[in-house]
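Going by UniProt numbering, 35 is the number at position 35 of the sequence shown; the sequence numbering is gapless.
Glycine is no exception: its CB is placed at the ideal position from the N, C-alpha and C atoms.
For reference, the structure discussed in these notes is given below.
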Amino acid sequence: PESCLLASVCTGSWIYAHMGLLDGLAATNRKEPDRLEASHLGKTPIDRLAEIAPACRVSHARVVDAGRIVTAGGISSGMELGFHLLRRAGYDESFVADVARVMEYQRAYALYEHDIEYAAPVAATRLKTA
């Protein structure tokens, strides 16, 4: 899978993190806590992503395009991920906006269409060993 496009929504980025695929890249995850996560017992998924993948730069954007890997926040961010993938495939903005209209998502689309981070890979920090 080293040459294919990988995409994830919400906690799917944890899988990529556990595989080491997010090392040196930016990624996102869900930011709003559920009841357990909001209690003293939990952490938000985006905070867990930071723990699982310390070499990943965690972003609060709804969609993060790090080249081969594209991640989206909570489940509704999957809509923006889909629209973004249409753009990457070469479809123009009028087509993407029409898809949003047909899906009855045009108001939310207008709010979030620019909440995308295009992230270049970050240099990995290496520790010197004696």
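Option in the options with minimal Cα separation from residue i
| i | options | result |
| --- | --- | --- |
| Ala-108 | Arg-87, Ala-55, Ser-13 and Ser-77 | Ser-77 |
| Thr-44 | Val-58, Asp-34 and Leu-86 | Asp-34 |
| Asn-29 | Ser-13, Leu-6 and Asp-23 | Ser-13 |
| Glu-80 | Ala-66, Phe-95, Gly-42 and Ala-100 | Ala-100 |
| residue 161 | Ile-52, Ala-89 and Glu-113 | The structure shown has nothing for residue 161, since the chain only spans 1 to 130. |
Alpha-carbon spacing of residue i relative to residue j, whole angstroms
| i | j | result |
| --- | --- | --- |
| Pro-54 | Glu-104 | 38 Å |
| Thr-129 | Tyr-16 | Interpretation of Thr-129 is limited by its pLDDT of 40, a score under 50 that renders its predicted location unreliable; the figure taken from the coordinates is listed afterwards. Between Thr-129 and Tyr-16, the C-alpha separation is close to 27 Å. |
| Ala-61 | Ile-116 | 6 Å |
| Glu-2 | Leu-21 | 10 Å |
| residue 132 | Leu-86 | The requested residue 132 does not occur in the structure, where the chain is confined to residues 1 to 130. |
| residue 137 | Ala-110 | Nothing can be reported for residue 137: it is not among the residues displayed for the chain, which extend from 1 to 130. |
| Ala-123 | Gly-24 | Residue confidence is low: Ala-123 scores 47 on pLDDT, short of 50, so the model does not pin down where it sits. Its coordinate-derived value is still stated next. Cα to Cα, the separation comes out at about 6 Å. |
| Ala-89 | His-40 | 43 Å |
| Val-102 | Ser-94 | 12 Å |
Sequence-distant residues of the same chain with beta carbon closer than 6 Å to residue i, five excluded per side
| i | result |
| --- | --- |
| Tyr-118 | Asp-65 |
| Glu-113 | none |
Sub-8 Å separation of residue i and residue j beta-carbons
| i | j | result |
| --- | --- | --- |
| Ala-7 | Arg-57 | no |
| Phe-83 | Val-70 | no |
| Cys-10 | Gly-74 | yes |
| Val-63 | Ala-72 | yes |
Other residues of its chain near residue i: CB distance less than 8 Å, five sequence neighbours each side excluded
| i | result |
| --- | --- |
| Lys-31 | Thr-44, Pro-45, Ile-46, His-60, Gly-73 and Gly-74 |
| Gln-106 | Ala-97 and Ala-100 |
| Glu-37 | Lys-43, Thr-44 and Pro-45 |
Practice item. Could I get the ranges of all uninterrupted alpha helix (DSSP H) runs contained in the region 26-107, with 4 residues as the minimum, in chain order? Key: Runs of the alpha helix (DSSP H) inside the region 26-107: 35-38, 45-52, 77-88 and 93-102.
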